[in-house]
Structure formats: C-alpha cells, structure tokens
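One structure is given below, encoded as structure tokens.
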Amino acid sequence: DDTRIHPESYILAQELAKDVYDEDGTGDAYDDDDALEMAIEHVRDRPSYLKNLDVEEYASGNNRQDKIETLYDIKRELIQGFQDWRKQYEEPSPDEEFYMISGETEETLAEGKMVQVTVRRVQAQRAICGLESGMTGILMKEDYADDLRDIIELSDRLHEGDMLTCKIKSIQKNRYQVFLVCKESEMRSDRLHHNHNFDPYYHEDRSSLPNEQDKIRKERERSKKHFKPRMIVHPRFQNITTDEAIEFLSDKDPGESIFRPNSKGPSYLTLTLKIHDGVYAHKEIIEGGKELKDITSLLRIGKTLKIGEDTFEDLDEVMDRYVDPLVTHLRAMLNYRKFRTGLKTEVDELLKTEKEENPMRIVYSFGICHEHPGTFVLTYIRSTNPHHEYIGLYPKGFRFRKKMFEDIDRLVAYFQRHIDDPQNDSAPSIRSVAAMVPMRSPSTGGSSGASGA
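Using our numbering, read the sequence shown as starting at 1 and increasing by one per residue.
Spelled out as structure tokens, the structure:
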C-alpha cells in the first residue's frame, strides 16, 4: 500500500516479487499472506535482483504479454518507490529556443534557402520584409540587384505589399531576423546553398537532392493551408482550423461563436459564428499595434482589433460591442413568426402553397441565405412568382434596401409600405449588405461557411 502500484495490480506485483524471491533460492513453498509480504520486502531490500530481471522474458514465460508495460512500472516502483523517472529538465540551447519560437527548422530555414517574402516597409537603403513564418527579413540595397547604377533609393523599385523571391544570405538567431539577397547572379548560383544533416558514411546520388527539395517545398505549401498557433488566452479563443471550429460549433445553438487564428498570418484573427445548423459565417479581424521585429509580439494579440470600420481594444470589447448585439438580432430573426427554415427553393414552395390558400394576400417570409451566411432572404409573392430580396445582419440591426432597422417589426412595416417601390439598380448587392461575408459557397462542397481563413 505504500507504493504507487494500482490496487488492481497488487496480485501481479506479489507474483513478480515471489517469483524473484523463489529464484533467489530463499523462498518457501507457502503462499500465505506472510510469505508474500516477506517476498515483497526481500526484493525491495535487494533491488539488484529486480534490476537483473528481464521483464519481457518473464512476461512471456508467465503468459503475461498483455501486462508488459504494467510489469515495467511495477519493477521500477519496487526498485525505487515514488521516483520521478522523467528526464531531467534542461534549458534549451539558443538554437533550440530559436527554432521553437520561430516554428522553423534547420531544413526550412538555412543559408542559401529560397524563400517567398512580403515587403512590409521600404527605406532608402533597405527593405523590411516578412517571411511566411512571421520572421523579419532585411534586404539591403546592395543585395537587391547586380546593377545599381539606375537605383538611387530602394524605394524607387520596391513598394509595401510587393512579393519577392529571395535567398537567405545569413541568419541572426539572437534577433530573430534574416538577411536576404535577390541579385540575379546569386539566385542562379549555388554558392550560398549548403546541404545539412548528411550521413558521412552514406553516399547518396546527388541527383536525388531536387526530389528532397521538392518534398520540403510541398510540405511548406501544405503548411500554408494551416495556421501558426497564437499566444492568446481568452475563453472564446482556440488554436483550431476552420473545419475544427465548425465541428466544435456543430452541436451548439445558433449564435455561438469562437475566435481562432487566420491563415493570412499573425496579424489577423477570424471570428466563426454559427448562423444555423450547417451554416457558419467567418469574419476577419485585423490586428494592429504590433512590434514587427518581435516574433513573440506577433504571436500575441494586437493592441487594436478592427472589424470593418469598427476598432476594439480587446476580444472582450469585440464580444460586448460586436458579437453580442449581432447574436441578439440573429436570434430575433430565427424566432420571428415569419421565419422559415430550409433552402430558398423549399421556402418558395411553402409560400406558393400559402398563396394558393390565401390568393388575395401578399405572402412573405424570412429565411437563411445558405450561399452567403450572415445574410437573410426576404421572399414574397404578390401574384404568382416569388421575389427575393436580401437583408444584412449587423450589430446595429438589419440592413434592407440601404436602410438600417433596429428590429424586424420596423423592417416589416417599411417593407409593407414600400413593397411596390422599384428596386433594380438601387438594390444593393448581397456582399454589400452582409456583415458576415463568407469565403466559399456551399455549391463548391462542404458546409456553408468559409474554410480559407
């Protein structure tokens, strides 16, 4: 009882101790409790007997192959009870710390490696660039082109947002930045290219190296579809993908939401909101106020958060001023007496049936726009054919015919008074009225909602 051996394994431990005790030649033929206790005390006082025990051979000889891991644990506990067998913690080396924080490896980030970068800021003599991992790259003027006679300032040739293909000239791990070169002569040359981690006793055909490079390139391309985990602590935030967010919200009520990383990079977040069963909207959040030179600052949440024209200080304010009002209006629509579930064609058929029963009335209903989550469809029949208009969902209410309504009753009253007003060119497009613009139509496959953010 004074060990960490589970009570269900007491008999197994007693059998092991007795067999070792008997093999030592000091045991007797009795199997009473006193003899078993004596056996256990004997092996605990003489750990050398247990250390020499071949657990796998013992398990095989006693038909206990399914208990090998348990027998290993019992052996360790009897040798030295309550010992922490985990490997002693060691401070990571500067190189290990660099790769852990940057998310890079010796294969993905090395001198001579070809990389795609985005120009963030351009100065006269250098350009500050961003790598896909969020690290900072420095491109000096003398490393930009072989012929600099026509280039007075680098800003004459480069602009913020430009995409460049460069080679890594050198790496400053202590500052989490790399120096880049994109001279044509260097891009064609193999002078900067170094092969890492080759077994000196294995002579590989060098012609296979491009295949290895292709594998690494394809791996990086696949990684673009995912995200960099963020250092954000909030009850509504999770480091998950779009599909995982949809799965997480699938059994939740409409109006439930979650914040998650955005595949665009560490300066963006995504709000995923469940509109209805099978319908999810994804809203991009732009982060500001980050130190571009500090990779840990990039992974933390920005000092400002922007959704459209609205700016927020933190996720709590996003919830209070944006999400909660949005959800209030969403649930009001879903609970409205004229709301109908189903696809647009199914709602059309329901209204046609209602029209046949009430030929003198103008029948109407509201429904979900599955193609554009975050938008509702107002369907109405004046004579025979259904007409459709779109309503945007916003924190301030509902946007219909370029007007904002605080509640559905006011929207309906306006619609009934102006049902015959000509729309045509004055009717806003779906995307202009949707507060939650999707990035994929369900016609392309999958659930309604985006998977690209």
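Virtual Cβ for every residue (Gly too), placed ideally from N, Cα, C.
Residue environment, residue i, which counts as buried when at least 16 other CB atoms sit within 10 Å
{"i": "Gly-288", "result": "exposed"}
{"i": "Tyr-21", "result": "buried"}
{"i": "Gly-255", "result": "buried"}
{"i": "His-6", "result": "exposed"}
{"i": "Leu-16", "result": "buried"}
{"i": "Asp-66", "result": "exposed"}
{"i": "Ile-329", "result": "Here the sequence assigns His to residue 329, which means Ile is not the residue at that position. By the 10 Å Cβ count, His-329 comes out buried."}
{"i": "Ile-152", "result": "exposed"}
{"i": "Thr-353", "result": "exposed"}
{"i": "Pro-261", "result": "buried"}
{"i": "Ser-383", "result": "exposed"}
{"i": "Asp-199", "result": "The predicted model places Asp-199 with a pLDDT of 48, which falls under 50 and marks its position as unreliable; any figure quoted below should be read in that light. Classification of Asp-199: exposed, given that the 10 Å Cβ count is below 16."}
{"i": "Gly-302", "result": "buried"}
{"i": "Ile-93", "result": "The amino acid occupying residue 93 in the given sequence is Ser; Ile does not appear at that position. Ser-93 should be labelled exposed."}
{"i": "Ile-419", "result": "exposed"}
{"i": "Gly-61", "result": "exposed"}
{"i": "Thr-165", "result": "exposed"}
{"i": "Gly-137", "result": "buried"}
{"i": "Gln-125", "result": "exposed"}
beta-carbon residue i near the ligand NAP non-hydrogen atom, thresh 7 Å
{"i": "Glu-91", "result": "By its list of ligands, the structure shown contains no ligand whatsoever, and the ligand NAP lies outside what it can speak to."}
Reduced DSSP category for residue i - H, G, I as helix; E, B as strand; rest coil
{"i": "Thr-108", "result": "coil"}
{"i": "Ala-281", "result": "strand"}
{"i": "Leu-315", "result": "helix"}
{"i": "Met-114", "result": "strand"}
{"i": "Pro-200", "result": "In this predicted model, Pro-200 has a pLDDT of only 47, less than 50, meaning its place in the structure is not dependable enough to derive any value."}
{"i": "Lys-306", "result": "strand"}
{"i": "Ala-39", "result": "helix"}
{"i": "Gln-14", "result": "helix"}
{"i": "Tyr-72", "result": "helix"}
{"i": "Lys-403", "result": "strand"}
{"i": "Lys-169", "result": "strand"}
{"i": "Ala-413", "result": "helix"}
{"i": "Lys-252", "result": "coil"}
{"i": "Thr-3", "result": "coil"}
{"i": "Met-163", "result": "strand"}
{"i": "Phe-98", "result": "helix"}
{"i": "Arg-175", "result": "helix"}
{"i": "Pro-373", "result": "coil"}
{"i": "Glu-389", "result": "strand"}
{"i": "Ser-9", "result": "helix"}
Close beta carbons around residue i, own chain, < 6 Å, minus the five adjacent residues each side
{"i": "Phe-237", "result": "Phe-259"}
{"i": "Glu-77", "result": "Thr-3, Arg-4, Ile-5"}
{"i": "Ile-128", "result": "Arg-120, Arg-121"}
{"i": "Gly-81", "result": "Thr-3"}
{"i": "His-159", "result": "none"}
{"i": "Arg-44", "result": "Leu-78"}
{"i": "Leu-53", "result": "none"}
{"i": "Asp-294", "result": "none"}
Among the options, the one whose alpha carbon lies nearest that of residue i
{"i": "Asp-2", "options": "Tyr-72, Tyr-58, Gln-83, Asp-54", "result": "Gln-83"}
{"i": "Leu-12", "options": "Glu-97, Tyr-72, Ile-168", "result": "Tyr-72"}
{"i": "Leu-131", "options": "Val-122, Val-115, Pro-94, Ala-145", "result": "Val-115"}
{"i": "Phe-415", "options": "Leu-378, Lys-183, Cys-369, Leu-330", "result": "Leu-378"}
{"i": "Asp-362", "options": "Ser-60, Glu-41, Ile-381", "result": "Asp is not the amino acid found at residue 362; the sequence shown has Ile there. When each option's Cα is compared against that of Ile-362, the closest is Ile-381."}
{"i": "His-388", "options": "Lys-402, Asp-409, Thr-345", "result": "Thr-345"}
{"i": "His-282", "options": "Met-231, Asp-348, His-372, Phe-398", "result": "His-372"}
{"i": "Phe-398", "options": "His-418, Glu-41, Arg-331", "result": "Arg-331"}
{"i": "Leu-350", "options": "Thr-375, Lys-75, Pro-386", "result": "Pro-386"}
{"i": "His-234", "options": "Glu-57, Arg-46, Asp-253, Asp-316", "result": "Asp-316"}
{"i": "Glu-104", "options": "Ser-133, Lys-183, Asp-409", "result": "Ser-133"}
{"i": "Asp-146", "options": "Glu-160, Lys-183, Gly-265", "result": "Lys-183"}
{"i": "Phe-248", "options": "Thr-272, Glu-160, Lys-264, Pro-266", "result": "Thr-272"}
8 Å Cβ shell around residue i - same chain, five flanking residues per side excluded
{"i": "Pro-325", "result": "Pro-395, Lys-396"}
{"i": "Phe-339", "result": "Met-333, Ser-365, Phe-366, Gly-367"}
{"i": "Lys-173", "result": "Pro-94, Asp-95, Phe-98"}
{"i": "Lys-228", "result": "Gly-103, Ser-133, Gly-134, Pro-261, Gly-265, Pro-266, Leu-299"}
{"i": "Lys-403", "result": "Tyr-414"}
{"i": "Ser-185", "result": "Asp-146"}
{"i": "Ile-101", "result": "Tyr-176, Ile-295, Thr-296"}
Same chain, Cβ closer than 7 Å to residue i, neighbours up to 5 away in sequence not counted
{"i": "Ser-207", "result": "Note on Ser-207: pLDDT 47, under 50, position unreliable in the model; the coordinate value appears next. For Ser-207, where only same-chain residues beyond five positions count, there are no Cβ hits under 7 Å."}
{"i": "Thr-70", "result": "Ser-9, Leu-12"}
{"i": "Glu-56", "result": "Ile-68"}
{"i": "Met-187", "result": "Lys-167"}
Nearest-angstrom beta carbon gap, residue j and residue i [assumed within contact, 8 Å]
{"i": "Gln-177", "j": "Leu-154", "result": "17 Å between Cβ atoms; not a contact."}
{"i": "Thr-270", "j": "Ile-285", "result": "7 Å"}
{"i": "Met-231", "j": "Thr-296", "result": "7 Å"}
{"i": "Asp-143", "j": "Leu-109", "result": "Going by Cβ atoms, the distance from Asp-143 to Leu-109 rounds to 18 Å, so no, they are not a contact pair."}
{"i": "Thr-304", "j": "Glu-313", "result": "7 Å"}
{"i": "Phe-376", "j": "Leu-393", "result": "7 Å"}
{"i": "Ile-246", "j": "Tyr-280", "result": "5 Å"}
{"i": "Ile-307", "j": "Gly-374", "result": "That pair is no contact at about 12 Å."}
Min CB distance residue i to chain C below 8 Å
{"i": "Pro-422", "result": "The question asks about chain C, but that chain is absent: this structure has only one protein chain."}
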